[in-house]
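Enquirer:
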Amino acid sequence: MSIGKRISCMRKKKNLTQSALAHRLYVTDKTISSWESDRTEPSLDILMNLSEILDCSVSYLMYGDIEKLDIETEVKIKLTEQEFKHLDFLLKREAEYLKEIHHVDTYYSPKHESFLNQDKIVDWLRIGERGSKKILNYKHWYDVHCDEYEVEINDSINLDKIFHALQLEKVAIVDKVRKTYFYQNKYEFALDKVKDLGYFVEIEIKNYQSSVMEEYDALLKVAKSFELNLDHIDKKGYPYDLIEQKAS
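According to this note's numbering, the sequence shown holds residues 82 to 329 in order.
1) Could you give the DSSP three-state label for Leu160: helix, strand or coil?
2) Just the Cα atoms here: how many angstroms apart are Leu278 and Leu323?
3) Since Lys159 and Phe270 should fall inside the 8 Å C-beta cutoff, what is the C-beta to C-beta distance between them, to a whole number of angstroms?
4) What does DSSP give as the partner residue(s) for His183 in the beta ladder?
5) Report the start-end ranges of each alpha helix (DSSP H) in the stretch 211-252 that is 4 residues or longer and not cut off at the edges.
6) Out of curiosity, what's the CA-to-CA distance linking Gln290 and Asp298?
7) Tell me the DSSP secondary structure of Glu177 in three-state form.
8) Using CA coordinates, which residue listed in Lys302, Ile254 and Ile113 is at the minimum distance from His184?
9) So, are the CB atoms of Lys274 and Lys251 less than 8 Å apart?
10) Among the candidates Ser213, Pro191, Ile216 and Ala176, whose CA atom is the shortest distance from the CA of Asp204?
11) When the Cα atoms are used, what is the spatial distance from Gln219 to Tyr230?
12) Which residue spans inside the stretch 82-132 form an unbroken alpha helix (DSSP H) run of at least 4?
13) Out of Lys86, Glu325 and Ser237, point me to the one whose CA is closest to Arg211's CA.
14) Assuming Tyr262 and Ala328 make a contact with CB atoms under 8 Å, what is their CB distance in whole Å?
15) What are the partner residues of Gly209, as DSSP defines its beta bridges?
16) Between which two residues does the alpha helix (DSSP H) harbouring Glu296 extend?
17) So, helix, strand or coil for Lys274, using DSSP?
Quick look at the structure:
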């Protein structure tokens, strides 16, 4: 079921006409009709208002039912340099500073697969340098969350040779400086300055107390409380962004 169909279904359950819903959202009837017929989609800001009116979660409207709990849930947002500095200022005042570290992550993919032919990258395999440590990390993405597994390695050169033998090739190197804060004993804010890409913030849930859908909605509200633009969410990730930039 699409976003539009879920909006239509929930609207009817609340006994609202398209006109009544449009009036409450300060949009036109044609806009509601366009969403429900899947010609266009509402922004995240509008989806948050919709979720309150229709008495459901944002993540339900976006993705349907999600019940997996052994996961990582995060949101990554593109920032201007000014937004980055302002957010850093706010976090210094309102959150607990953790650390600043230089990350260099090398990403791999099977040679027969082309990242740029996919709407969204599902699987990431990377070797990450964290100071003197080297970490092998694998992620499998769903919609707003992913499975993540990692292990420390002590010989990245030989591992690179193994990847080569398995026909895994380097597709991107992400070089970033990351400053992290802990907010409300629950959310990790990572301020990233990424070489060749610019400024980002990644907000990750560290303590789960309810369902994925409820936690994701709360995460979006936290992002909004810091005046972050949810329309600038980066859903593809740094490696894809670099590959796409290089190809353009």
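All C-beta atoms, glycine included, are put in the ideal place defined by N, C-alpha and C. Owing to the predicted nature of the structure, the values given are computational and were not obtained by experimental measurement.
Expert: For this structure:
1) strand
2) 7 Å
3) So it is not a contact: roughly 15 Å between Cβ atoms.
4) Val258
5) 237-246
6) 13 Å
7) strand
8) Ile254
9) no
10) Pro191
11) Residue 219 is actually Tyr in this sequence, not Gln. Near 5 Å, if we compare the C-alpha coordinates of Tyr230 and Tyr219.
12) 84-94, 99-106 and 110-117
13) Ser237
14) Rounded, the Cβ-Cβ distance is 34 Å, inconsistent with contact.
15) Asp186 and Ile216
16) Val293 to Ser306
17) strand
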